[in-house]
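Contents: one structure, followed by commentary.
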Amino acid sequence: MPTKVRGRPRSFDPDEALQRAAERFRTFGFAGTSLDELSEATGLARPSLAAAFGDKRALYIAAIERLMARVERQLIRLGEARLPPRELVERLLLGGINLYLTGSDGPEGCLIINTAATQAASDPLVREKVGAFLKVEDDRIAELLAAAGSPAPEAQGRLVASVLHSLSVRARAGASREELEQVVRDCVDLIAGAGN
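Residue numbers for the sequence shown follow the working numbering, so the first one is 1 and each next one is one higher.
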């Protein structure tokens, strides 16, 4: 009978372990995820998990920060494409749908919108991180819309970000891709004008 290896695997990759933990949190939330489940998801024994990331809350915060940095990078890359408003909003929202419909246990939406928003009610640091995420989204989307010629980039940016959040919730609730894409078309028509 093989013996169970304890400690950190030789090929330990902190970013990969954090990604696996983030996926576990995205599926079950902070309260619904135990340290044993995180150990199983990351392939790290609990002492190694604690040594690498700290306690469960620190790991959850790290997962939020990782996602926030990834979203900001994606928005910056989207800006480099120099798209007109209609195509910009379409690509942004359809990209959200593609992410939100993935998950190990069916469509899981966004880690921050679907789990951190709930945890923020009882955890001031999570609340702060959610607020920072919303600000990054609002600011970056407004910058993209301003560069695309929007007459009201801040207002339209908040609307687009709000639709992204709604798509995440709707995907988690079981909405079909077709239903989600209709929401995208409605938002694009409001932002870029029907028929443009």
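Backbone N, C-alpha and C fix where the C-beta goes; we use that ideal spot for every residue, glycine too.
{"Item": "Separation of residue 56 from residue 39, as counted between CA atoms", "Value": "10 Å"}
{"Item": "The stretch 23-33 touching the stretch 107-118, judged by at least three CB pairs closer than 8 Å", "Value": "yes"}
{"Item": "Residue 172 vs residue 97 beta-carbon contact at 8 Å", "Value": "no"}
{"Item": "Cutoff 6 Å; reference residue 145; Cβ partners in own chain excluding five residues on either side", "Value": "153, 156, 157"}
{"Item": "Inter-residue spacing [alpha-carbon to alpha-carbon] between residue 19 and residue 185", "Value": "31 Å"}
{"Item": "Residues of its chain near residue 203, where Cβ-Cβ distance is below 7 Å and the 5 sequence neighbours each way are ignored", "Value": "With the chain covering only 1 through 196, there is no way to say anything about residue 203."}
{"Item": "Per DSSP, cross-strand counterpart(s) of residue 104", "Value": "106"}
{"Item": "C-alpha distance - residue 92 paired with residue 79, whole-angstrom precision", "Value": "10 Å"}
{"Item": "For residue 66 and residue 102, the rounded distance between their alpha carbons", "Value": "18 Å"}
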